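In what follows, a structure is listed as structure tokens, so that the remarks can point back to it.
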Amino acid sequence: MRRTVADVMTDKVVAVSATTPFKEIAETLISGSISAVPVTDDDNHVLGMVSEADLLRKEEFREQYYREGYRPPLRARLRHPKGRQKAEGDTAAELMTTPAVTVSPKASAVEAARLMDGHGVKRLAVVDYDGRLVGIVSRRDLVKLFLRGDEAIAAEVRDDVLDRSLWVDTGDVRVDVRQGVVTLSGRMERRTEAAIAVRMVGRVNGVVDGVDRLTWKTDDSKWEGR
């Protein structure tokens, strides 16, 4: 049911080497319409990532615009403690953020999203078990998961969740999907089984939200923990 990073990543990756100069990196970002590029060694191992923000620090800390004795604002220094060091960099090795935040192609799309949010990045290098670059996954790639049509979502909920995964009678359950919001209604045998069905629907790719309108014949929730 759940898609992995391998399902959504871009496997044709533009990368640079540690010695790639500043201007060539900038041209790579602009020509590829990308916000960051991985830095790899001769064996395709990921060394780090260079982002637009890394390049812009050269402008932020540009010395010729400073008065004698001028220091960047405290906010800038706190936000980018290594800003001056990167501003003086001329190659990918000097500009990159390292270690790069990476993810396995076998990881779920949700895991990738959490990594991006936790590290404040927009793109992740996808690496194999040996740390070699195999792809790139971006926020845009993950957002595309929510573009699935309502009919496709409804079919997966019915076929994969209700008919195959639950192993209980779901013949009286109705599935309605509108703009990615899935509503389950009807009747099931047990309350706990209804709760499981709703939770599993929330894990289907493209589901924005799940609405529980199920009823049940037996409230077995009070038996849990006995």
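The letter at position 55 of the sequence shown is residue 54 when you use numbering that gives the first Met the number 0, and the numbering goes up by one with no holes. Heads up, the beta-carbon is just placed ideally off N, CA and C, and yes, glycines get one too. Computed from a predicted structure; not experimentally measured.
Provide the residue(s) that pair with Arg-189 in DSSP beta bridges, ordered along the chain.
Thr-217
Can you tell me which residues form a DSSP beta bridge with Asp-175?
Per DSSP, Thr-182.
Measure the alpha-carbon distance for Ala-17 versus Arg-198 and round it to whole angstroms.
46 Å
Can you tell me whether Leu-165 is helix, strand or coil according to DSSP?
coil
C-alpha gap between Met-8 and Met-115, whole angstroms:
14 Å
Excluding the 5 residues preceding and the 5 following Phe-145 in the sequence, name in chain order all residues of the same chain whose CB lies nearer than 7 Å to its CB.
Gly-179, Gly-205 and Val-207
If we count the other Cβ atoms within 10 Å of its Cβ and call it buried at 16 or more, is Thr-217 buried or exposed?
exposed
DSSP has Arg-131 in a bridge; who is on the other side?
His-44
What do you reckon, are the CB atoms on Met-48 and Ala-124 nearer than 8 Å?
For Met-48 and Ala-124, yes; Cβs fall inside 8 Å.
In whole angstroms, what separates the C-alpha of Ser-165 from that of Val-133?
In the sequence as presented, Ser is not what sits at residue 165; that position holds Leu. Spanning the two alpha carbons is a distance of roughly 35 Å.
Mapping the DSSP letters down to three states, classify Asp-159 as helix, strand or coil.
helix
Using the C-alpha atoms, what's the distance from Glu-192 back to Ser-220?
Near 10 Å, if we compare the C-alpha coordinates of Glu-192 and Ser-220.
Which of the three DSSP states, helix, strand or coil, is assigned to Arg-138?
Three-state result, Arg-138: helix.
From the DSSP output, read off the bridge partner residues of Ser-103.
Residue pairing by DSSP places Ser-103 in no beta bridge whatsoever.
Alpha-carbon spacing of Val-109 relative to Ser-137, whole angstroms:
12 Å
Alpha-carbon to alpha-carbon, Ser-103 and Tyr-65:
Residue placement at Tyr-65 is poorly supported in this model, since its pLDDT is 48, which falls under 50; the coordinates still yield a value, given next. The straight-line gap from Cα to Cα measures roughly 44 Å.
Using three-state DSSP, classify Asp-208 as helix, strand or coil.
strand
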